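Note sheet for the following structure.
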Amino acid sequence: MSRELKTGLIAIIVIALFVWGFNFLKGENIFAKSQRHFFVEYNNIQGLKKSSSVTINGLQVGKVVDIKFNKDPEKKGKLIVELLIENDFEFSKKSIAKIYSASLMGGQSMAIIPSYEGELAVSGDFLNGEVESDIFSAVGEKLNPLQAKLESVIVSADSLLLGLNQTLTIESRKSLNRSIKGLEYTIGDVRKTIGSVNQLLDSSKVGIKVTFDKTKVITENFAKLSDTLVNANIGLMVKKAQQSLDYVNQLMAGIQKGEGSFGKFVKDETMYNNLTNMSKELEELIREMKLNPKRFVHFSLFGRRAVPYDPEKNKKNVTNTNKK
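Residue numbers (the working numbering): 234 to 557.
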(Lines of atoms letter the chains of each structure in order from A and count residues from 1; the text may use other names and numbers.)
(Lines give C-alpha, C1' and ligand atoms only; values in the text may rest on other atoms or scores of the structure.)
Protein backbone atom coordinates (compact mmCIF):
# COMPACT_ATOMS: atom_id res chain seq x y z
CA MET A 1 0.00 0.00 0.00
CA SER A 2 1.36 3.33 -1.02
CA ARG A 3 1.99 6.14 1.34
CA GLU A 4 -0.63 8.33 -0.39
CA LEU A 5 -3.33 5.72 0.12
CA LYS A 6 -2.46 5.37 3.79
CA THR A 7 -2.55 9.17 4.16
CA GLY A 8 -5.99 9.31 2.49
CA LEU A 9 -7.43 6.56 4.70
CA ILE A 10 -6.14 8.27 7.83
CA ALA A 11 -7.66 11.58 6.67
CA ILE A 12 -11.05 9.91 6.07
CA ILE A 13 -10.97 8.27 9.52
CA VAL A 14 -10.07 11.58 11.19
CA ILE A 15 -12.89 13.39 9.36
CA ALA A 16 -15.37 10.65 10.35
CA LEU A 17 -14.27 10.80 13.96
CA PHE A 18 -14.58 14.61 13.89
CA VAL A 19 -18.12 14.42 12.49
CA TRP A 20 -19.09 11.75 15.01
CA GLY A 21 -17.57 13.71 17.90
CA PHE A 22 -19.23 16.94 16.81
CA ASN A 23 -22.65 15.28 16.61
CA PHE A 24 -22.02 13.46 19.87
CA LEU A 25 -21.32 16.74 21.58
CA LYS A 26 -24.60 18.02 20.14
CA GLY A 27 -26.32 15.02 21.71
CA GLU A 28 -26.74 13.05 18.49
CA ASN A 29 -25.52 9.56 17.88
CA ILE A 30 -25.13 9.03 14.15
CA PHE A 31 -24.71 5.30 14.73
CA ALA A 32 -28.07 4.91 16.43
CA LYS A 33 -30.52 2.68 14.55
CA SER A 34 -33.52 5.04 14.92
CA GLN A 35 -33.36 8.76 15.43
CA ARG A 36 -36.45 10.97 15.25
CA HIS A 37 -36.76 14.69 15.72
CA PHE A 38 -39.91 16.26 17.24
CA PHE A 39 -40.77 19.86 17.96
CA VAL A 40 -42.83 21.41 20.76
CA GLU A 41 -43.94 25.03 21.16
CA TYR A 42 -44.06 26.71 24.62
CA ASN A 43 -44.78 30.15 25.99
CA ASN A 44 -42.38 29.50 28.89
CA ILE A 45 -39.98 26.57 29.27
CA GLN A 46 -39.39 27.13 33.05
CA GLY A 47 -35.56 26.95 32.70
CA LEU A 48 -35.38 23.89 30.43
CA LYS A 49 -31.90 23.54 28.91
CA LYS A 50 -30.29 21.79 26.00
CA SER A 51 -29.27 18.19 26.70
CA SER A 52 -32.08 17.85 29.27
CA SER A 53 -33.33 14.29 29.30
CA VAL A 54 -36.56 13.17 27.61
CA THR A 55 -38.40 10.19 29.10
CA ILE A 56 -41.39 8.00 28.27
CA ASN A 57 -42.96 6.27 31.25
CA GLY A 58 -39.78 6.99 33.25
CA LEU A 59 -37.39 5.54 30.66
CA GLN A 60 -34.92 7.96 29.08
CA VAL A 61 -35.40 7.83 25.30
CA GLY A 62 -33.76 11.03 24.15
CA LYS A 63 -32.55 14.55 24.79
CA VAL A 64 -33.37 18.19 24.14
CA VAL A 65 -31.09 19.20 21.29
CA ASP A 66 -32.17 22.74 20.52
CA ILE A 67 -34.21 25.63 21.92
CA LYS A 68 -34.97 28.66 19.81
CA PHE A 69 -37.52 31.45 19.35
CA ASN A 70 -40.26 31.08 16.80
CA LYS A 71 -39.50 33.19 13.74
CA ASP A 72 -43.17 33.54 12.80
CA PRO A 73 -44.18 37.22 13.46
CA GLU A 74 -47.61 36.10 14.65
CA LYS A 75 -46.01 33.87 17.31
CA LYS A 76 -43.29 36.24 18.36
CA GLY A 77 -41.80 35.41 21.77
CA LYS A 78 -42.81 31.74 21.76
CA LEU A 79 -40.14 29.08 22.07
CA ILE A 80 -39.65 25.97 19.96
CA VAL A 81 -37.95 23.01 21.64
CA GLU A 82 -36.41 20.32 19.43
CA LEU A 83 -36.35 16.78 20.80
CA LEU A 84 -34.21 13.89 19.67
CA ILE A 85 -35.76 10.47 20.29
CA GLU A 86 -33.35 7.54 19.96
CA ASN A 87 -35.99 4.89 20.48
CA ASP A 88 -38.40 3.32 18.03
CA PHE A 89 -41.33 3.42 20.52
CA GLU A 90 -44.37 4.60 18.59
CA PHE A 91 -46.99 7.11 19.78
CA SER A 92 -49.56 9.36 18.13
CA LYS A 93 -49.49 13.08 17.34
CA LYS A 94 -51.90 13.64 20.25
CA SER A 95 -49.14 12.80 22.75
CA ILE A 96 -48.12 15.55 25.18
CA ALA A 97 -44.57 16.74 25.86
CA LYS A 98 -44.64 17.92 29.49
CA ILE A 99 -41.88 19.95 31.17
CA TYR A 100 -41.53 19.03 34.85
CA SER A 101 -39.16 19.63 37.74
CA ALA A 102 -36.81 16.68 38.09
CA SER A 103 -35.82 17.49 41.72
CA LEU A 104 -36.25 20.00 44.50
CA MET A 105 -32.80 21.36 43.78
CA GLY A 106 -33.91 22.58 40.35
CA GLY A 107 -33.36 21.40 36.82
CA GLN A 108 -36.14 20.74 34.34
CA SER A 109 -36.73 17.60 32.34
CA MET A 110 -39.25 16.59 29.74
CA ALA A 111 -41.60 13.63 29.71
CA ILE A 112 -43.64 12.49 26.76
CA ILE A 113 -47.08 11.32 27.85
CA PRO A 114 -47.90 8.96 25.02
CA SER A 115 -51.27 8.70 23.36
CA TYR A 116 -52.16 5.90 21.00
CA GLU A 117 -55.22 7.43 19.37
CA GLY A 118 -55.07 8.90 15.91
CA GLU A 119 -52.22 9.18 13.41
CA LEU A 120 -48.76 8.06 14.51
CA ALA A 121 -46.15 10.76 15.07
CA VAL A 122 -43.20 10.78 12.66
CA SER A 123 -39.92 12.66 12.70
CA GLY A 124 -40.47 16.38 12.18
CA ASP A 125 -43.98 16.54 13.72
CA PHE A 126 -45.07 19.04 16.37
CA LEU A 127 -46.35 17.66 19.69
CA ASN A 128 -48.63 19.34 22.20
CA GLY A 129 -46.71 21.11 24.95
CA GLU A 130 -47.54 21.37 28.63
CA VAL A 131 -45.69 22.75 31.66
CA GLU A 132 -46.15 21.22 35.12
CA SER A 133 -45.82 23.66 38.02
CA ASP A 134 -43.10 22.76 40.48
CA ILE A 135 -43.70 22.71 44.22
CA PHE A 136 -42.48 26.27 44.72
CA SER A 137 -44.61 27.60 41.88
CA ALA A 138 -47.66 25.77 43.26
CA VAL A 139 -47.03 27.18 46.73
CA GLY A 140 -46.58 30.62 45.22
CA GLU A 141 -49.84 30.31 43.31
CA LYS A 142 -51.63 29.37 46.55
CA LEU A 143 -49.97 32.11 48.57
CA ASN A 144 -50.55 34.94 46.11
CA PRO A 145 -54.33 35.21 46.79
CA LEU A 146 -53.65 34.87 50.51
CA GLN A 147 -51.06 37.62 50.33
CA ALA A 148 -53.51 39.90 48.55
CA LYS A 149 -56.17 39.25 51.19
CA LEU A 150 -53.66 39.78 53.99
CA GLU A 151 -52.58 43.09 52.50
CA SER A 152 -56.24 44.13 52.25
CA VAL A 153 -56.82 43.20 55.90
CA ILE A 154 -53.73 45.14 56.99
CA VAL A 155 -54.88 48.21 55.06
CA SER A 156 -58.35 47.96 56.63
CA ALA A 157 -56.88 47.54 60.11
CA ASP A 158 -54.60 50.52 59.56
CA SER A 159 -57.58 52.63 58.44
CA LEU A 160 -59.57 51.45 61.46
CA LEU A 161 -56.79 52.31 63.89
CA LEU A 162 -56.28 55.68 62.23
CA GLY A 163 -60.01 56.47 62.49
CA LEU A 164 -60.07 55.27 66.10
CA ASN A 165 -57.07 57.45 66.92
CA GLN A 166 -58.78 60.47 65.38
CA THR A 167 -62.04 59.71 67.21
CA LEU A 168 -60.52 59.33 70.65
CA THR A 169 -59.83 62.77 72.10
CA ILE A 170 -57.64 63.42 75.12
CA GLU A 171 -60.67 63.35 77.42
CA SER A 172 -61.90 60.14 75.82
CA ARG A 173 -58.51 58.51 76.33
CA LYS A 174 -58.46 59.58 79.98
CA SER A 175 -61.98 58.18 80.42
CA LEU A 176 -60.92 54.95 78.73
CA ASN A 177 -57.90 54.71 81.05
CA ARG A 178 -60.17 55.22 84.07
CA SER A 179 -62.51 52.52 82.77
CA ILE A 180 -59.60 50.12 82.37
CA LYS A 181 -58.45 50.84 85.92
CA GLY A 182 -61.99 50.34 87.19
CA LEU A 183 -62.14 47.03 85.35
CA GLU A 184 -58.85 46.07 86.99
CA TYR A 185 -60.29 46.84 90.45
CA THR A 186 -63.44 44.88 89.57
CA ILE A 187 -61.36 41.88 88.55
CA GLY A 188 -59.51 42.14 91.87
CA ASP A 189 -62.81 42.15 93.76
CA VAL A 190 -63.98 39.15 91.78
CA ARG A 191 -60.80 37.31 92.69
CA LYS A 192 -61.37 38.12 96.36
CA THR A 193 -64.95 36.89 96.11
CA ILE A 194 -63.79 33.66 94.48
CA GLY A 195 -61.25 33.23 97.30
CA SER A 196 -64.01 33.71 99.89
CA VAL A 197 -66.19 31.18 98.10
CA ASN A 198 -63.32 28.71 98.04
CA GLN A 199 -62.82 29.17 101.80
CA LEU A 200 -66.55 28.69 102.37
CA LEU A 201 -66.48 25.50 100.33
CA ASP A 202 -63.46 24.25 102.26
CA SER A 203 -65.23 24.87 105.58
CA SER A 204 -68.41 23.20 104.29
CA LYS A 205 -66.72 20.07 103.01
CA VAL A 206 -67.58 18.08 106.15
CA GLY A 207 -71.24 19.09 106.03
CA ILE A 208 -71.43 18.37 102.32
CA LYS A 209 -69.87 14.97 102.87
CA VAL A 210 -72.40 14.16 105.61
CA THR A 211 -75.22 15.29 103.33
CA PHE A 212 -73.98 13.08 100.53
CA ASP A 213 -73.65 10.14 102.95
CA LYS A 214 -77.25 10.61 104.11
CA THR A 215 -78.37 10.93 100.52
CA LYS A 216 -76.60 7.68 99.76
CA VAL A 217 -78.39 5.95 102.66
CA ILE A 218 -81.75 7.32 101.49
CA THR A 219 -81.02 6.11 97.98
CA GLU A 220 -80.11 2.64 99.25
CA ASN A 221 -83.32 2.49 101.33
CA PHE A 222 -85.34 3.58 98.33
CA ALA A 223 -83.65 0.89 96.26
CA LYS A 224 -84.57 -1.72 98.90
CA LEU A 225 -88.16 -0.44 98.92
CA SER A 226 -88.23 -0.66 95.15
CA ASP A 227 -86.93 -4.24 95.31
CA THR A 228 -89.62 -5.09 97.89
CA LEU A 229 -92.32 -3.62 95.65
CA VAL A 230 -90.95 -5.49 92.67
CA ASN A 231 -90.81 -8.78 94.56
CA ALA A 232 -94.31 -8.29 96.04
CA ASN A 233 -97.17 -9.93 94.18
CA ILE A 234 -98.70 -6.67 93.00
CA GLY A 235 -100.85 -8.45 90.47
CA LEU A 236 -102.53 -10.63 93.09
CA MET A 237 -103.12 -7.62 95.34
CA VAL A 238 -104.68 -5.67 92.49
CA LYS A 239 -106.83 -8.67 91.58
CA LYS A 240 -108.13 -8.99 95.15
CA ALA A 241 -108.79 -5.26 95.33
CA GLN A 242 -110.71 -5.52 92.07
CA GLN A 243 -112.77 -8.39 93.44
CA SER A 244 -113.54 -6.36 96.57
CA LEU A 245 -114.62 -3.40 94.46
CA ASP A 246 -116.82 -5.69 92.36
CA TYR A 247 -118.46 -7.05 95.54
CA VAL A 248 -119.06 -3.52 96.86
CA ASN A 249 -120.54 -2.54 93.51
CA GLN A 250 -122.88 -5.56 93.64
CA LEU A 251 -123.86 -4.68 97.20
CA MET A 252 -124.60 -1.07 96.28
CA ALA A 253 -126.59 -2.24 93.26
CA GLY A 254 -128.65 -4.51 95.54
CA ILE A 255 -129.25 -1.63 97.93
CA GLN A 256 -130.40 0.53 95.02
CA LYS A 257 -132.80 -2.25 94.01
CA GLY A 258 -134.13 -2.56 97.58
CA GLU A 259 -132.73 -6.04 98.15
CA GLY A 260 -131.79 -7.14 101.67
CA SER A 261 -132.57 -5.50 104.98
CA PHE A 262 -130.49 -2.39 104.34
CA GLY A 263 -131.92 -2.10 100.84
CA LYS A 264 -135.50 -2.36 102.15
CA PHE A 265 -134.68 0.17 104.84
CA VAL A 266 -133.36 2.56 102.21
CA LYS A 267 -136.07 1.97 99.61
CA ASP A 268 -139.20 1.01 101.71
CA GLU A 269 -141.07 4.22 102.62
CA THR A 270 -143.44 2.36 104.98
CA MET A 271 -140.57 1.24 107.20
CA TYR A 272 -139.18 4.73 107.10
CA ASN A 273 -142.56 6.18 108.15
CA ASN A 274 -142.93 3.60 110.94
CA LEU A 275 -139.46 4.39 112.24
CA THR A 276 -140.24 8.08 112.05
CA ASN A 277 -143.51 7.62 114.02
CA MET A 278 -141.79 5.38 116.54
CA SER A 279 -139.07 7.95 117.02
CA LYS A 280 -141.69 10.64 117.49
CA GLU A 281 -143.66 8.57 120.06
CA LEU A 282 -140.44 7.69 121.88
CA GLU A 283 -139.58 11.37 122.04
CA GLU A 284 -143.05 12.13 123.53
CA LEU A 285 -142.64 9.29 126.03
CA ILE A 286 -139.26 10.55 127.21
CA ARG A 287 -140.60 14.09 127.47
CA GLU A 288 -143.61 12.80 129.48
CA MET A 289 -141.31 10.89 131.80
CA LYS A 290 -139.35 14.03 132.43
CA LEU A 291 -142.44 16.21 132.96
CA ASN A 292 -144.61 13.79 134.93
CA PRO A 293 -142.39 11.16 136.50
CA LYS A 294 -145.09 10.40 139.12
CA ARG A 295 -147.26 8.86 136.46
CA PHE A 296 -144.70 6.16 136.00
CA VAL A 297 -143.51 5.83 139.64
CA HIS A 298 -146.69 6.26 141.76
CA PHE A 299 -146.87 5.57 145.50
CA SER A 300 -149.73 6.87 147.69
CA LEU A 301 -151.04 5.79 151.08
CA PHE A 302 -154.37 7.41 150.49
CA GLY A 303 -155.05 6.07 147.06
CA ARG A 304 -154.55 9.32 145.09
CA ARG A 305 -155.09 8.98 141.44
CA ALA A 306 -152.23 9.41 139.02
CA VAL A 307 -152.13 12.44 136.79
CA PRO A 308 -153.54 11.53 133.39
CA TYR A 309 -151.61 12.08 130.15
CA ASP A 310 -152.29 15.41 128.42
CA PRO A 311 -151.01 15.53 124.87
CA GLU A 312 -151.32 19.30 124.58
CA LYS A 313 -149.22 19.97 127.65
CA ASN A 314 -146.73 17.37 126.50
CA LYS A 315 -146.25 19.20 123.22
CA LYS A 316 -145.89 22.50 125.07
CA ASN A 317 -143.36 20.84 127.45
CA VAL A 318 -145.52 21.72 130.51
CA THR A 319 -145.86 19.54 133.65
CA ASN A 320 -149.30 17.98 134.07
CA THR A 321 -150.80 18.31 137.57
CA ASN A 322 -154.21 17.69 139.19
CA LYS A 323 -154.77 21.31 139.91
CA LYS A 324 -157.45 22.95 137.92
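Virtual Cβ for every residue (Gly too), placed ideally from N, Cα, C. Quick caveat: nothing in here was measured; it's all calculated off a predicted structure.
- Between Tyr275 and Val314, the C-beta gap is smaller than 8 angstroms, which places the two residues in contact.
- With respect to Ala330, Gly295 sits apart: the two C-beta atoms are not nearer than 8 angstroms.
- In the three-state reduction of the DSSP assignment, Ala330 falls in the strand class.
- For Ile346, DSSP records a beta bridge to Ile329.
- Between Val297 and Leu281, the gap from beta carbon to beta carbon is short of 8 angstroms.
- The segment 309 to 328 makes contact with the segment 345 to 357: 3 or more CB pairs, one atom from each, lie closer than 8 angstroms.
- Contact between Ile278 and Leu312 is confirmed by a C-beta separation of about 5 angstroms, below the 8 angstroms threshold.
- Spatial neighbours of Gly415 in its own chain (CB-CB distance under 7 angstroms, excluding positions within 5 residues in sequence) are not present.
- Approximately 19 angstroms separates the beta-carbon atoms of Ser356 and Thr288; this is outside 8 angstroms, ruling out the contact.
- The three-state secondary structure of Val287, taken from DSSP, is strand.
- Rounded to the nearest whole angstrom, the C-alpha separation of Gly440 and Val423 is 26 angstroms.
- In the three-state DSSP reduction, Ile387 falls in the helix class (H, G or I).
- In the DSSP assignment, Asp435 falls outside any beta strand (DSSP E) and within the unbroken alpha helix (DSSP H) covering 403 to 436.
- Here DSSP, grouped into helix, strand and coil, assigns Gly396 to helix.
- Contact between Val273 and Leu360 holds: CB atoms are separated by about 5 angstroms, below the 8 angstroms threshold.
- Just so you know, the alpha carbons of Ile403 and Ser392 end up roughly 20 angstroms apart.
- In this chain, the alpha helix (DSSP H) harbouring Asn510 covers 502 to 524.
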